[in-house]
Amino acid sequence: MTIARFRHAFPRARWSEHKGAWYVPGRTAKTRIGRFLARLDAEADSFADERGRDAFAFDPIKSRYLEVGSSAFLIRTPYSKTLVSKIREIEGVRWDADRRLWAVPYRSYEDLRQRWPMIETIAAQCEPEARKERREALRGTEEGEATKARRRERRRKRYPVAVASMPPMDRVVSTHIGLVLFLGLTGELADLKAIEAFYFPPVAGEDYVWFEWRPGTLEELVTTWPARSDPSNKERHHGWWLPTLDELRIARRDARSREKASQRRSKEA
39 MTIARFRHAF PRARWSEHKG AWYVPGRTAK TRIGRFLARL DAEADSFADE RGRDAFAFDP
99 IKSRYLEVGS SAFLIRTPYS KTLVSKIREI EGVRWDADRR LWAVPYRSYE DLRQRWPMIE
159 TIAAQCEPEA RKERREALRG TEEGEATKAR RRERRRKRYP VAVASMPPMD RVVSTHIGLV
219 LFLGLTGELA DLKAIEAFYF PPVAGEDYVW FEWRPGTLEE LVTTWPARSD PSNKERHHGW
279 WLPTLDELRI ARRDARSREK ASQRRSKEA
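Final position of the sequence shown in the numbering used here is 307; the numbers increase by one with none missing.
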């Protein structure tokens, strides 16, 4: 059927046995073929959306975090970094900044259904009441004090790096706390106990120093080339390594979201 539609749309097209492909003459052939393929994709998506609707009607997901929109499933949840990363794994999902929700095309229903139990569990844990209960339960405990200590340490915007492997200062690198841009030395040696408690297991006998850092901007992340291979254990023990493509993709999405949120706040102000 597809070949018949193609022949009807391009009556001058000829099959090349040598190349194993169709040849369409004309200067505008590339544009016309692109439009033809786009129509096929749109029709396929429409059919897949109808199947997704039918699947949902037969076996619906009942949740306070999920709504059925006119053209997509709509997800509204409390904010959580972990939750955002899980939702972004859904095929075809997109963030609707105007309505402050996630939209998932109907054709992705099966993927959504497989991931939903975990998404719903994390969302429930992120509700203000659940967060308050956890804080109350941790108050005065050893775990609670450790959590406070980690937050205080993060606010200091410092990170330990092995003296034997100084990082570059002109590009974004990957660390145990995410992708950062190092600004310079603080002039202090890093304590091994603090490194192990808050960052990563240090190498015994290795000297570490504190570096000041900030998150990379979207422009800096976009212009950062990924590493050709995954970091070695030695690089991880030194504290930093060149980011992989997957790490860059996640960081770029987060930076893009922060930039859009900042622009929206500026317009509202």
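Note that beta-carbon positions come from the ideal geometry of N, C-alpha and C, so glycine has one too.
query                                                                                                               : result
For Val-122, the three-state DSSP class (helix, strand or coil)                                                     : helix
DSSP three-state assignment for Ala-74, whether helix, strand or coil                                               : Correcting the residue identity first, residue 74 is Phe in this sequence and not Ala. Three-state result, Phe-74: helix.
Closest residue to Trp-279 among Ala-293, Ala-232, Thr-262, Arg-291 (Cα-Cα distance)                                : Thr-262
Residue closest to Tyr-246, alpha-carbon to alpha-carbon, out of His-276, Arg-252, Phe-236                          : His-276
Candidates Ala-162, Gly-225, Arg-274, Asp-268, of which the one nearest Trp-248 by Cα                               : Gly-225
Nearest-angstrom Cβ-Cβ length linking Pro-198 and Ile-160, presumed shorter than 8 Å                                : That pair is no contact at about 30 Å.
Beta carbon of Arg-153 nearer than 8 Å to that of Ala-141                                                           : no
Bridge-paired residues (DSSP) for Arg-114                                                                           : Partner(s): none; Arg-114 has no beta bridge.
Nonlocal neighbours in the same chain, by C-beta distance under 7 Å from Phe-48, ignoring five residues either side : Val-62
Range covered by the beta strand (DSSP E) that runs through Trp-60                                                  : 59 to 61
Pairwise C-alpha distance: Ile-71 and Arg-43                                                                        : 12 Å
Status (buried if at least 16 other CB within 10 Å, exposed otherwise) for Arg-52                                   : exposed
N- and C-terminal bounds of the beta strand (DSSP E) containing Trp-53                                              : 52 to 54
Identity of the residue in Ser-101, Ser-108, Arg-91 nearest Arg-114 by Cα                                           : Ser-101
Spatial distance of Gly-182 from Arg-173 (CA atoms)                                                                 : 8 Å
Runs of beta strand (DSSP E) wholly within the region 179 to 240 (minimum 3 residues, chain order)                  : 196 to 200, 211 to 213, 216 to 227
Own chain, CB closer than 7 Å to Pro-264, minus 5 neighbours either side, in chain order                            : Pro-281, Thr-282, Leu-283, Leu-286
Buried versus exposed, by CB contacts within 10 Å (16 or more), Ala-293                                             : buried
Rounded straight-line distance, which links the Cα of Pro-205 to that of Pro-269                                    : 14 Å
Arg-145 beta carbon less than 8 Å from that of Gly-130                                                              : yes
Spatial distance of Glu-127 from Arg-50 (CA atoms)                                                                  : 43 Å
For Phe-249, the residue or residues it bridges with in DSSP                                                        : Tyr-197, Leu-223
Through-space distance from Leu-112 to Lys-124, alpha-carbon basis                                                  : 15 Å
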